[in-house]
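Undergrad:
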Amino acid sequence: MNHEPSACNLLIVDDDEAIGSTLLAILRKSGYHGSWVSTGRSAIGFARDYEGSGHRLNLALIDLRLPDMSGLEVLREIKKMHPDVGAIMMTGFADVTTAVGALNEGAFAYIQKPYNIDEVKVTMERALERQSLLWENRALLGRLREANADLINTIDNLQEMDKVRSEFVHIVSHEMRSPLTVIIGYSEMLLENRTHMTEDRIQKSLESISCDGHRLTRLTEDLLNLAKSQEKKFAVSPVKLDLKQVAAKVIEDFKVLNTRMAFELAFEEGAGEVVSDRDRIEQVLVNLVGNAIKYSPPDGKVLIAARKDGSNTRVSVTDQGPGITESEQSKIFEAFYRIQADIDKKTKGTGLGLTITKAIVESLGGKISVASGPGGKGSSFNFVIPGLSS
Ligand code: ADP
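Written as structure tokens, this is what we have:
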């Protein structure tokens with residue numbers, strides 16, 4: 009902040025030319041920049057022009073008695089345009105009460121005529137000092153407000169993270185508790201009553217233990233993948249590959265387990281040639297085809313299609329399942345989100361598969377979205393594998 013005289017814009021308003029011009033000449037010698045006007049109207053016009061050109065008026069020496077209006081009115085008008093102006097009222101002996109009133113209107117000081125030039129200079133310097141303090145305070149206050157807003161933002165984020173963390177712990181422990189209850193329950197039963205149990209019951213108990221053991225393994229794998237995706241730790245090694253071959257292999261693996269389900273590949277000419285990470289692409293297709301099977305009637309059809317779009321490749325996995333409503337479409341990619349109907353049907357799932365799939369597609373530089381077929385029937389998951397030039 010500079011309150012050196014030379015950096016100051018000064019206006020002297022006095023109808024007495026002898027005072028106005030002499031004062032200006034003396035002050036200019038001391039390094040002040042300024043102008044002198046003899047009427048209230050021209051003072052206001054000067055202040056307006058100044059404001060219009062983007063300057064601020066630092067100092068105004070205003071005579072209380074002007075021919076066309078009172079100095080007090082001039083002060084009010086100038087203050088509207090230059091609220092921080094250091095205004096010094098010049099007053100005759102008879103006007104002291106009015107001058108004191110001017111202080112209440114925001115004038116910095118008043119000086120009685122005949123003035124002493126040194127007193128004028130000292131008062132002007134003090135006015136400038138106060139002005140720069142005012143600006144410094146304002147800047148500090150602004151920074152304080154910004155810091156405060158940042159702090160509030162950080163606290164909000166921390167609270168949000170804490171909420172997500174406790175939700176996560178809650179959901180994970182809930183997801184683990186039910187298979188663990190089954191495993192512990194059956195194994196204790198076997199340990200204590202094995203000799204009194206039929207072969208059939210023993211077999212069923214062991215199957216339940218194995219099934220829930222696998223469920224825990226799936227959950228653990230999903231959680232590990234989720235952690236990797238959140239830390240952006242998916243290692244990606246792009247190679248030239250035949251996407252159609254990868255899709256065919258995924259289908260073959262699923263066919264063994266799902267004999268009633270029909271599978272179809274529809275690849276446009278050349279659409280299978282991509283440069284991407286084979287394992288990641290396979291993981292994406294396994295997740296999407298796995299869901300297509302899980303959420304469709306057992307004798308439905310799953311279609312994997314691909315076409316070129318410029319240098320990109322667009323892949324879709326379409327099923328004949330119940331479809332996904334528009335309001336659910338944005339949520340199913342969130343961690344742990346499952347459609348209520350599927351929770352009610354007790355379809356196995358963690359609600360993490362699509363979160364991981366989305367993270368993988370994004371780590372490959374692509375995007376994933378979902379749409380439902382006509383009448384809301386069937387779901388189509390679409391993802392883009394970017395070409396080399398994009
Ligand atoms: P999970 O299958 O383990 O529950 P996902 O993240 O893979 O978790 O899917 C989230 C939810 O989205 C599922 O629980 C299901 O409600 C819904 N969903 C996913 N894929 C399909 C699909 N192909 N058809 C209908 N609903 C689906």
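Letter by letter, the sequence shown follows residues 9 to 398 in the numbering used here.
We put the beta carbon where it would ideally sit given N, CA and C, even for glycine.
From a predicted model like this one, the values you see are computed outputs, not experimental measurements.
Would you kindly check if the distance between the Cβ of Val244 and the Cβ of Leu293 is under 8 Å?
TA: Not closer than 8 Å, so no.
Undergrad: Between the C-alpha atoms of Thr365 and Gln291, what's the straight-line distance to the nearest angstrom?
TA: Straight-line Cα distance between these residues: approximately 8 Å.
Undergrad: Just mark Phe271 as buried or exposed, buried being the case when its beta carbon has 16 or more other beta carbons within 10 Å.
TA: The residue is buried, with at least 16 neighbouring Cβ atoms inside 10 Å.
Undergrad: When you compare only the Cα positions, how much space is there between Asn320 and Pro306?
TA: Straight-line Cα distance between these residues: approximately 33 Å.
Undergrad: My guess is that Leu251 and Ala343 are in contact by the Cβ rule of under 8 Å, so how many angstroms apart are they, rounded?
TA: The Cβ separation is near 28 Å, so there is no contact.
Undergrad: Just to confirm the assignment, what range does the beta strand (DSSP E) spanning Gln328 have?
TA: Neither: Gln328 is in no beta strand (DSSP E) and is coded neither H nor E.
Undergrad: Could you please give the first and the last residue of the uninterrupted alpha helix (DSSP H) stretch that includes Ile192?
TA: Here the alpha helix (DSSP H) through Ile192 covers Ile125 to Asn201.
Undergrad: Would you identify the three-state DSSP class for Ser38, choosing helix, strand or coil?
TA: Coil.
Undergrad: Could you check whether the region 103-114 touches the region 130-139, counting it as contact only if at least three pairs of C-beta atoms, one from each stretch, sit closer than 8 Å?
TA: Segments in contact, no.
Undergrad: With respect to the beta strand (DSSP E) encompassing Glu113, which residues constitute its N-terminal and C-terminal limits?
TA: No beta strand (DSSP E) holds Glu113; DSSP gives it neither H nor E.
Undergrad: Check the DSSP bridge columns for Met98 and list the partner residues they point to.
TA: According to DSSP, which records beta bridges pairwise, Met98 is partnered with Asp71 and Ile119.
Undergrad: Helix, strand or coil, according to DSSP, for Phe344 in the structure here?
TA: Note: Phe344 maps to coil in three-state DSSP.
Undergrad: Is any non-hydrogen atom of ligand 2 found closer than 7 Å to the C-beta of Ile332, if you look at the structure I gave you?
TA: Among the ligands in the structure shown, ligand 2 does not appear; only ligand 1 can be found there.
Undergrad: Would you identify the three-state DSSP class for Ser43, choosing helix, strand or coil?
TA: The answer is strand: DSSP assigns Ser43 an E or B state.
Undergrad: If you run the structure through DSSP and keep just helix, strand and coil, what is Asn17?
TA: Residue state, collapsed to three classes: strand.
Undergrad: Which of the three DSSP states, helix, strand or coil, is assigned to Asn390?
TA: Asn390 falls in the strand class under three-state DSSP.
Undergrad: What residue does the beta strand (DSSP E) around Asp92 start on, and which one ends it?
TA: Element bounds for Asp92: n/a, residue is neither H nor E.
Undergrad: Buried or exposed: which applies to Gln328, given that a residue is buried once 16 or more other Cβ atoms fall within 10 Å of its Cβ?
TA: Under this definition Gln328 is a buried residue.
Undergrad: Hey, could you find the ends of the beta strand (DSSP E) Lys248 is sitting in?
TA: Counting along the chain, the beta strand (DSSP E) containing Lys248 begins and ends at Val247 to Asp250.
Undergrad: Could you work out which residue in Met77, Gly374, Arg73 and Phe389 is closest to Ala107 when comparing CA atoms only?
TA: Nearest option by C-alpha distance: Arg73.
Undergrad: Out of Asp23, Leu31 and Leu19, point me to the one whose CA is closest to Asp57's CA.
TA: Measuring from the Cα of Asp57, the nearest candidate turns out to be Leu19.
Undergrad: Determine, using beta carbons only, whether Val93 and Leu69 come nearer to each other than 8 Å.
TA: Cβ distance not < 8 Å, so Val93 and Leu69 don't count as in contact.
Undergrad: Nearest CA to the CA of Gly395: which residue from Lys316, Ala379, Ile340 and Ser388?
TA: Nearest of Lys316, Ala379, Ile340 and Ser388 to Gly395, Cα basis: Lys316.
Undergrad: Check Ser471 in the structure and name its three-state DSSP category.
TA: Because the chain in this structure spans residues 9 to 398, residue 471 falls outside the shown range and cannot be described.
Undergrad: Taking the C-alpha atoms as reference points, what is the distance between Ala274 and Gly381?
TA: Using only the alpha carbons, I get a separation of about 17 Å.
Undergrad: Residues bridged to Val294 by DSSP?
TA: In DSSP, Val294 forms no bridge with anything.
Undergrad: Might you give, ordered along the chain, the residues of its own chain that have their beta carbon closer than 8 Å to the beta carbon of Gly100, omitting 5 neighbours on each side?
TA: Contacts found: Leu72, Arg73, Gln120 and Lys121.
Undergrad: Within 10 angstroms of its Cβ, does Leu360 collect 16 or more other Cβ (buried), or is it exposed?
TA: Leu360 is buried by the Cβ-count criterion.
Undergrad: Ordered along the chain, which non-local residues of its own chain (more than five positions away) have a Cβ less than 6 Å from that of Ile52?
TA: Taken in chain order, the residues that qualify are Glu85.
Undergrad: Counting Cβ pairs, one atom from each stretch, are 3 or more of them under 8 Å apart for the region 197-216 and the region 163-172?
TA: Judged by Cβ distances under 8 Å, the region 197-216 makes no contact with the region 163-172, as fewer than three pairs qualify.
Undergrad: So the beta strand (DSSP E) Ala274 belongs to, where does it begin and stop?
TA: Element bounds for Ala274: Ala270 to Phe275.
Undergrad: Straight-line CA distance for Asp220 to His182?
TA: Going by the C-alpha atoms only, they are around 14 Å apart.
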